[in-house]
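Chains as they are written, first to last, in the working numbering: chain A, 3 to 138; chain B, 3 to 138. All C-beta atoms, glycine included, are put in the ideal place defined by N, C-alpha and C. As the structure is a prediction and not an experimental result, all values here were calculated from the model.
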DNA sequence: TTTTAATTTGCAACATTGTTGCAGATATCT
DNA sequence: AGATATCTGCAACAATGTTGCAAATTAAAA
């Protein structure tokens, strides 16, 4: 699917910034930070415009946000295999790469009585194959 | 354990800010934000001092940081039942309360071949019992 | 196609979370 | 008590995000 098709499908106006973000994100097969997206784009956009685009794309569940615990944020395409209610991502401690984990079985959590879980987010941290080999 | 005992056990200097943070966090039986801790403390500390205290306490795994996806951050005591490598927390969408989930069984994730997972972080989002009842 | 209406964009300002360097105040150790 | 290590406050800065307003762009209607 092209950026324009995606926007049309979700009844979103076709704007330069949204198209650009989607194009870059579809090309990259991993999650990207605001800065990585900005650098990959030819045309420049104000940061405000970026955040407004991210916001609507997230609301429509076209992309989603991943928060790593070093205060770094990345964004990734929510492909069909992702439902909006449970996500898992892998984060490489070494090269900082972030990948979506499409299929997984959720763990079992003992939440207090009467509590309802609506959605879940999992971050798996470790080393990717490349980084593991480079270190030896 | 008292704040002083905890600090001593981890070979940390007994400083006013560290003691204060630990005292408040031991009293609260939930995760707290920087602001919630600051308001509960009598004595005032510079924000820098706070963050430096958080940093050492996190390094020693006495407390840990929880990042919610609305850019809000909370800190919680890492009780013994928490190992440093896998954590789960519950977040109430309504009252914003955060609880640690002590015992749980991790899910199964299909990570690419050759990748190593060193630690995991899980956020379960939903409604706590109080908020669920209040809404009806 | 031209006009009108709705959206998007850029700028300025501000908020939160966090870090670094430096000097002065506290705590620890002998 | 004095020497040394550590902590604290201040100023400055960085990353991430939001809001209000006016100008530009896109979409819809005539």
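- Using beta-carbon distances, residue 107(A) counts as an interface residue toward chain B, with a partner under 7 Å.
- Residue 77(A) is outside the set of residues whose beta carbon lies under 7 Å from a beta carbon in chain B.
- Look at the beta carbons and you see the region 104-116 of chain B touching the region 118-130 of chain A: at least three pairs across the two are nearer than 8 Å.
- Remark: C-beta atoms of residue 66(A) and residue 45(A) do not approach each other more closely than 7 Å.
- Against chain A, the beta carbon of residue 53(B) has no neighbour under 8 Å; the closest one sits roughly 12 Å away.
- A distance of 7 Å or more separates the beta carbons of residue 41(B) and residue 97(B).
- Looking at the DSSP output, residue 90(A) sits in a beta bridge with 124(A).
- Taking C-beta separations shorter than 6 Å and ignoring five residues to either side along the sequence, the partners of residue 35(B) in its chain run 76, following chain order.
- Residues of the region 43-73 of chain B with a C-beta less than 7 Å from any C-beta of chain A: 67, 69 and 71, listed in chain order.
- Residue-level contact by beta carbon fails for residue 36(B) and chain A, as no gap is shorter than 7 Å.
- Listed along the chain, the chain A residues whose CB falls inside 9 Å of the CB of residue 134(B) are 116, 117 and 118.
- When 8 Å is used as the limit between beta carbons, residue 122(B) is near these residues of chain A: 124, 125, 126 and 127, in chain order.
- The DSSP-derived three-state label of residue 53(B) is helix.
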